[in-house]
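**Q** Right, I'll just put the structure down here and ask away after.
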Amino acid sequence: MKLLTFGGVSVEGATFRREKPLLLLAYLCLEGPQPRRRLASLFWPDAANPMNSLAQNLIRLRPLTGAVLEHGSRVEALIPSDTQAFRDHCRAARPADALTLYHGAFLDGLTADLNPDLEEWLLDTRETLAREARAAHLSLAGHHHARADHPAAHTHAERAYHTPGAPPCDPEDLYHLWQILGHTDHPLILTLRRDASDLGLTLPAPTPTLPTTPLIGRTAELAALSALPPGQIAWISGPPGIGKTALLSALAGHGWRVLPARSGLPLATLEPLSAHPLGSAADALNLLRDTRLKLALDDWEDMDDTTRATLTLAARQHPGATIAITARQPPALPTHHHLPLHSLTEHDLRGHPGAHAATGGHPTLLAAYLNGTPPDRTLDAHLTLLGPDHRRLFLALAAQDTPNLAATRAALNFTPATLAATLDTLTREGLTTPGGTLCAGTPARQLLDAHPLDTALTHLHLARHHPRDTAWPHWLAARDLWEDHDQTACAAAAHWHADQQMKSGHPAKAARTLEVAPQTDEVRVLRGWAMLKGHNPNDVLHLIADLPETPELLALWATALAHASRSDEAEVIANRIPRNATPTHAHAENVLGYVARQREDYDTARRHYRAAASLWKMYDEREWIEVAAVLAGVRSILGADPTMAFSEVLHALAEVPSAASTVYPNYVHALKQAGHLDAAEQAAQIGLHFARLYNDLSGEMSIRNSLGVFAHLSGNMRVAADEYRIALKLARECGSLRAVGMIAANLAELSGNVEEFKDVIDLLRDTDNGAHAEKIIRNIRNRVISLAIS
22 MKLLTFGGVS
32 VEGATFRREK
42 PLLLLAYLCL
52 EGPQPRRRLA
62 SLFWPDAANP
72 MNSLAQNLIR
82 LRPLTGAVLE
92 HGSRVEALIP
102 SDTQAFRDHC
112 RAARPADALT
122 LYHGAFLDGL
132 TADLNPDLEE
142 WLLDTRETLA
152 REARAAHLSL
162 AGHHHARADH
172 PAAHTHAERA
182 YHTPGAPPCD
192 PEDLYHLWQI
202 LGHTDHPLIL
212 TLRRDASDLG
222 LTLPAPTPTL
232 PTTPLIGRTA
242 ELAALSALPP
252 GQIAWISGPP
262 GIGKTALLSA
272 LAGHGWRVLP
282 ARSGLPLATL
292 EPLSAHPLGS
302 AADALNLLRD
312 TRLKLALDDW
322 EDMDDTTRAT
332 LTLAARQHPG
342 ATIAITARQP
352 PALPTHHHLP
362 LHSLTEHDLR
372 GHPGAHAATG
382 GHPTLLAAYL
392 NGTPPDRTLD
402 AHLTLLGPDH
412 RRLFLALAAQ
422 DTPNLAATRA
432 ALNFTPATLA
442 ATLDTLTREG
452 LTTPGGTLCA
462 GTPARQLLDA
472 HPLDTALTHL
482 HLARHHPRDT
492 AWPHWLAARD
502 LWEDHDQTAC
512 AAAAHWHADQ
522 QMKSGHPAKA
532 ARTLEVAPQT
542 DEVRVLRGWA
552 MLKGHNPNDV
562 LHLIADLPET
572 PELLALWATA
582 LAHASRSDEA
592 EVIANRIPRN
602 ATPTHAHAEN
612 VLGYVARQRE
622 DYDTARRHYR
632 AAASLWKMYD
642 EREWIEVAAV
652 LAGVRSILGA
662 DPTMAFSEVL
672 HALAEVPSAA
682 STVYPNYVHA
692 LKQAGHLDAA
702 EQAAQIGLHF
712 ARLYNDLSGE
722 MSIRNSLGVF
732 AHLSGNMRVA
742 ADEYRIALKL
752 ARECGSLRAV
762 GMIAANLAEL
772 SGNVEEFKDV
782 IDLLRDTDNG
792 AHAEKIIRNI
802 RNRVISLAIS
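Okay, so the sequence shown: first residue is 22 according to this note's numbering, each after it adds one.
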C-alpha cells in the first residue's frame, strides 16, 4: 500500500477516494509528525469544532490499516508515498529513477475547497516538486547530450520545459536548454528565444554539434574487430562513457549489424534479427549460424537473461557469425578476443590541439569539449550520476597535487572498504588511476573553481588529516574556515612549509606564508628571520617585541639590531646567548663578527666569522656558505687574494645556488677593494641575476651600489645615477641606515649637492654611526684622488 500523489491522489491497491483525508495524509507524509491542534487549525480553521473535524477525518482513514499513527497530541503518517521515494531518488542523484515516479503535478485535479493557508502550502509544494522533476530532466538531458545521444537529450530537454506543475523556466534553466537545443531546428527553439527576450536575456550563439557517431583514436580497436574471422566473439569492456557505443557505431559503417541491449522479454535483444518471434535459444542460435552475419551487441549487463545464456552457448559452439559484445565488466563468457577501452592518449588526440590537456582523453569529456560544452560541467553531471561518494572522493583527490589516500579517507570519513570501492569505480570510469591520480586534471580544477565554498570545506577536512609537511596548502585554501582548535596544527604546518622555503632560498615567500599563519611564538620567530631578507629590521624588532626570551629569540633580536645599524645593542644581546655549539651560538658568533667588521677590527671579525662558519657546517650548508662568504671578504681585506679566498665558497654554490645572492655581493666588494674592477663588474652582473631570482633585496642593493660605483669611476654618470637611485630605494626598504648613508653620499657626490652630503653625514653622526660617517668621508676622498690620478 502506497500513497500516490503525482497526477492526482489515490492509494495504491485501495479504492479509497475521499479527497480531504487523502490531502491530510499527503501533508503528514511530506511534513512529518504534526500536533493535532496545528492540523485542525490548518485544515478546518472555519469549522465550529476544528478538533472534532480532524477526529472525523482520521476516522475516515481507518480503512487504510496502518496508514496513520495517533499518539497523544500528535499524528504521524506511516504509509509510504511516491513523493518520499521521488525525493529520496533526487537526493541520491538518481534522476532516471525519480522521473519514473513523476506522473504529473502534485495533487493535480484536487476538487476539495481549501482555505488560503492550505492552498498556499499545496501550490508551493507542487511547484517545488515540479522544479525538482525539471532538474532531473535537465540532468539527464545534459548526460545524453555529452554522449552525443541527441534524441534522448532532446526528449528530456522538451520534458524539462513542459514539466507538469512547474513555473516558467528561470534564466539558468533557459541557458541549459539552449545549450542542448540551440544548434538544432527543434520546435522548442522559437519558444526559448521568445522566453529569453521576455526576460531580457541574450542567448549565446549556437555551437556546432558533433556527429552522432564520432570516433577518435580507436583505429587499432576498429582494425582488430574488422579482422575477426567468422565464428569468433570479441568482448569490448570499459566503463560508461569510455566510447564503446561509438566504436560499435563505427562498425555499422563497415557492414556490421548493431543492436542495443533490450531487457524484459526473453531474447528481446536478438529479436530484431528475425522476421518471426523467437521461441527458444535454439531459434536464436540458428540465426547466429550465418557466417555472413557480423553482429555488434551493445551493453551486456542490460540484456535479458535468455539472450545472455544464448550468447554464452554461441561462444562455446562458434556457430558461424562474427559477434562483438560491449560490457562494463571483463568477459563473462569464453573468448580469446578481449578489447578493454581506456582514455585516449595525447597521441590519439594529436589532431585536436589542447583537447588532451582539457579532458585527460576521457571520451565523455572530449565529446563535450569538441562540442563547445565546458568539460567541467559534463564532468559534474557524470559524477552526480555516479553518486555523492564518488563526487566527494573525486573532488578531494582533485584538491591535492599528490593524493594522500590515507588522509583523504580520514577527511571524507570513509571506511577502508568504501574508499576502495569508490576509487575502483572512478578508476573503471577512466577518471583516476588506482593510486588516486586524476586523468582529467583541467576540468577537475575548473569544477573546484566553480564551487569555491565546497572546495574550501574540502581543503579544510584534508588539512586536518594531512601530515604536517603537506598540510599547509590545504590550510591556506581553507583560511576563512579555520576554527580555534585548528590554530596549533595550522601554525605547525605553516612553520614547516616556510622553513622549507627558507632553506631553498626564498625568504620572501616564507615571509608571505607566515604572515597569514596563526601567530604563535614559533611562527613569529621564523617570520622574523624571513623578514630580515628584504624588510626593514625595525619591523622585525616590532614583531618580536613581546615574545618570551629564549636563545632563539635572542639570536634573532641580535641579528635584527645589527641589520638596523645598532651595533652596540646587538653586541650586548649576542653576548647573552649561550655558547653551547648550537645554531643560536652560530648566530651569536655571526653577529659579533658583524659588529667587529663595522668597527674595522678585522682580526676579531675573522675569529668570530670562522667560529660561526665552523658551527654552521655541522647544521646547515646554506648558512655555512653565507657566513663563509663574509669570512672570505674579511680575509681579502686582511690581504688575501679575493679569487683564492672565495674559491671554496664559489665551488660550494654548485650544490646550493640559492646562496649566490649573498655570496656575490661580498665577492664583488672584495674584488673592487683589490682593484680588480673588470672582474668585479662581471661578478656583479652574475650576482644581480641571482639576487633578483631569489628576491634578495639586500643583495640586490649591494650589487646595484657597486654597479653605480663602477659607472661612476668610468665617467658614465647617467648609468651611475640610475644604479645609485635603485640601490637607495632598496636600502630604504631594507631599513639599513648605514647603507642609506653610504649610497646617499655616493649620489650626493655625483650630483654635486654638497648640502645633501652634509645632511647624510650629520644624520649618521646623530644616530651613533659616527665611525661609519668618517669611513664614508675617507672613501669619498680616496675616490676623488683616484679620479684625479686617472
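Ideal Cβ positions, reconstructed from N, Cα and C, are used throughout, including at glycine. These figures come from a predicted structure and were not determined experimentally.
For Ser364, name the three-state secondary structure that DSSP assigns.
**A** The residue labelled residue 364 in the question sits at position 343 within the sequence shown. Of the three classes helix, strand and coil, the one that applies to Ser364 here is coil, per DSSP.
**Q** Would Ala519 and Leu547 be called neighbours here (beta carbons separated by less than 8 Å)?
**A** Reading the sequence shown from its first residue, position 498 is the one you call residue 519. Reading the sequence shown from its first residue, position 526 is the one you call residue 547. Yes. Within cutoff.
**Q** Which two residues bound the contiguous alpha helix (DSSP H) that contains Asp624?
**A** In the sequence shown, the residue the question calls residue 624 occupies position 603. Per DSSP, Asp624 belongs to the alpha helix (DSSP H) from Tyr623 to Tyr640.
**Q** Per DSSP, what kind of secondary structure is Gln55 in: helix, strand or coil?
**A** Translated into positions along the sequence shown, residue 55 becomes position 34. Looking at Gln55 - three-state DSSP - the assignment turns out to be strand.
**Q** Taking the straight line between their C-alpha atoms, what separation do you get for Ala531 and Val616?
**A** Within the sequence shown, residue 531 is the residue found at index 510, counting from 1. Within the sequence shown, residue 616 is the residue found at index 595, counting from 1. For Ala531 and Val616, the distance between alpha carbons rounds to 27 Å.
**Q** Which parts of the region 87-160 are runs of the alpha helix (DSSP H), unbroken and 4 residues or longer, counting only runs that do not cross its ends?
**A** Listed in chain order, they are 103-112 and 116-120.
**Q** Do the CB positions of Met72 and Arg59 come within less than 8 Å of each other?
**A** Within the sequence shown, residue 72 is the residue found at index 51, counting from 1. Within the sequence shown, residue 59 is the residue found at index 38, counting from 1. Taking 8 Å as the Cβ cut-off, Met72 and Arg59 do not qualify as a contacting pair.
**Q** Find the nearest neighbour of Leu220 within the set Pro192, Leu236 and His197, judged by alpha-carbon distance.
**A** Taking the first residue of the sequence shown as 1, we reach residue 220 at position 199. Among Pro192, Leu236 and His197, the Cα nearest to that of Leu220 is on Pro192.
**Q** Beta-carbon separation of Leu362 and Ile254 under 8 Å?
**A** For the purposes of this step, residue 362 is taken as the residue at position 341 of the sequence shown. For the purposes of this step, residue 254 is taken as the residue at position 233 of the sequence shown. Taking 8 Å as the Cβ cut-off, Leu362 and Ile254 do not qualify as a contacting pair.
**Q** Are the beta-carbon atoms belonging to Val279 and Asp319 less than 8 Å from one another?
**A** Position 258 of the sequence shown, counted from the start, is the residue given in the question as residue 279. Position 298 of the sequence shown, counted from the start, is the residue given in the question as residue 319. Result yes, Cβ atoms of Val279 and Asp319 sit closer than 8 Å.
**Q** Can you round the beta-carbon distance between Leu606 and Thr580 to whole angstroms, since I take them to be within the 8 Å contact cut?
**A** Stepping through the sequence shown from its first residue, residue 606 is reached at position 585. Stepping through the sequence shown from its first residue, residue 580 is reached at position 559. It is His, not Leu, that sits at residue 606 in the sequence shown. In fact, because the Cβ distance is near 13 Å, the residues do not count as touching under 8 Å.
**Q** On the DSSP bridge assignment, give the partners of His359 in chain order.
**A** The residue you call residue 359 lines up with position 338 of the sequence shown. According to DSSP, His359 bridges with Trp256.
**Q** If you scan the region 513-591 from start to end, which runs of the alpha helix (DSSP H) of 4 or more residues do you find wholly inside it?
**A** Listed in chain order, the complete alpha helix (DSSP H) runs (minimum 4 residues) inside the region 513-591 are 528-536, 542-552, 558-564 and 572-584.
**Q** Assign Pro232 to one of three DSSP states: helix, strand, or coil.
**A** Translated into positions along the sequence shown, residue 232 becomes position 211. With a pLDDT of 40 at Pro232, under the threshold of 50, the predicted position of this residue should be treated as unreliable, though the coordinate-derived value follows. Pro232 falls in the coil class under three-state DSSP.
**Q** Quick one: Cα of Pro455 to Cα of Ala427, how far?
**A** Position 434 of the sequence shown, counted from the first residue, corresponds to residue 455. Position 406 of the sequence shown, counted from the first residue, corresponds to residue 427. Approximately 14 Å, taken between the alpha carbons.
**Q** Output the boundary residues of the alpha helix (DSSP H) element that contains Pro678.
**A** The residue labelled residue 678 in the question sits at position 657 within the sequence shown. First-last for Pro678: undefined, no H or E at that position.
**Q** Does Ala607 come out as helix, strand or coil in the three-state DSSP assignment?
**A** Residue 607 sits at position 586 when you count from the first residue of the sequence shown. Here Ala607 sits in helix by DSSP.
**Q** Tell me Pro84's beta-bridge partners as DSSP assigns them.
**A** As a working note, residue 84 is residue 63 in the sequence shown. DSSP, once it has assigned bridges, lists no residue as partnering Pro84.
**Q** Can you look up Ala348 in the DSSP assignment and give me helix, strand or coil?
**A** Locating residue 348 in the sequence shown gives position 327, counting from the first residue. Three-state DSSP puts Ala348 in a strand.
**Q** Skipping 5 residues on each side, what residues in its chain have a beta carbon closer than 7 Å to that of Ala634?
**A** Within the sequence shown, numbered from 1, the residue matching residue 634 stands at position 613. Contacts found: Trp645, Val648, Ala649 and Leu652.
**Q** Locate the alpha helix (DSSP H) running through Leu734, then write down its first and last residues.
**A** As a working note, residue 734 is residue 713 in the sequence shown. Leu718 to Ser735 is the extent of the alpha helix (DSSP H) around Leu734.
**Q** Find the nearest neighbour of Thr184 within the set Val730, Glu140, Asp470 and Leu159, judged by alpha-carbon distance.
**A** Counting from 1 along the sequence shown, the entry for residue 184 is found at position 163. The residue with the shortest Cα to Cα distance from Thr184 is Leu159.
**Q** Along the chain, where does the alpha helix (DSSP H) that runs through Val670 open and close?
**A** Translated into the one-based positions of the sequence shown, residue 670 becomes position 649. Taken as a continuous stretch (DSSP letters only), the alpha helix (DSSP H) holding Val670 covers Ser668 to Ala673.
**Q** Does the distance from the C-beta atom of Pro351 to that of Ala336 stay below 8 Å?
**A** Stepping through the sequence shown from its first residue, residue 351 is reached at position 330. Stepping through the sequence shown from its first residue, residue 336 is reached at position 315. For Pro351 and Ala336, no; Cβs fall outside 8 Å.
**Q** Find the nearest neighbour of Lys638 within the set Ala492, Thr603, Leu751 and Ala626, judged by alpha-carbon distance.
**A** Position 617 of the sequence shown, counting from 1, holds the residue named residue 638. Selected option, being the one with the closest Cα: Thr603.
**Q** In the DSSP assignment, find the beta strand (DSSP E) that holds Leu280 and state where it starts and stops.
**A** Counted from its first residue, the sequence shown places residue 280 at position 259. Here the beta strand (DSSP E) through Leu280 covers Arg278 to Pro281.
**Q** What residue does the alpha helix (DSSP H) around Asp219 start on, and which one ends it?
**A** Position 198 of the sequence shown, counted from the start, is the residue given in the question as residue 219. Run containing Asp219: Leu209 to Leu220, per the alpha helix (DSSP H) assignment.
**Q** Going straight from the alpha carbon of Thr312 to that of Thr476, what length do you get?
**A** Here residue 312 refers to the residue found at position 291 when the sequence shown is read from its first residue. Here residue 476 refers to the residue found at position 455 when the sequence shown is read from its first residue. About 57 Å.
**Q** Let me know the secondary structure DSSP gives Phe415 once reduced to three states.
**A** Here residue 415 corresponds to residue number 394 of the sequence shown, with the count starting at 1. Three-state result, Phe415: helix.
**Q** Where does His92 land, buried or exposed, given buried means 16+ other C-beta within 10 angstroms?
**A** The count along the sequence shown starts at 1 and reaches residue 92 at position 71. The residue in question, His92, is exposed, as its Cβ has fewer than 16 Cβ neighbours within 10 Å.
**Q** Where does Lys23 sit, in a helix, a strand or coil, going by DSSP?
**A** Reading the sequence shown from its first residue, position 2 is the one you call residue 23. In this structure, Lys23 counts as coil in the three-state DSSP scheme.
**Q** What residue range does the beta strand (DSSP E) around Ala241 cover?
**A** As a first step, residue 241 must be located in the sequence shown, where it is residue number 220. Here Ala241 belongs to no beta strand (DSSP E); instead the alpha helix (DSSP H) covers Thr240 to Ser247.
**Q** Are the beta-carbon atoms of Leu553 and Val561 separated by less than 8 Å?
**A** Residue 553 sits at position 532 when you count from the first residue of the sequence shown. Residue 561 sits at position 540 when you count from the first residue of the sequence shown. Yes.
**Q** Going by DSSP, what residue range makes up the alpha helix (DSSP H) through Leu433?
**A** By one-based count along the sequence shown, residue 433 stands at place 412. Leu426 to Leu433 is the span of the alpha helix (DSSP H), which, as asked, contains Leu433.
**Q** Any heavy atom of the ligand ZN within a distance shorter than 7 Å of the CB on Ala106?
**A** As far as ligands go, the structure on display features none, and thus does not contain the ligand ZN.
**Q** Measure the C-alpha to C-alpha separation of Gly130 and Lys23 and round it to an integer number of angstroms.
**A** By 1-based counting over the sequence shown, the position of residue 130 is 109. By 1-based counting over the sequence shown, the position of residue 23 is 2. If you take the alpha carbons of Gly130 and Lys23, they lie about 19 Å apart.
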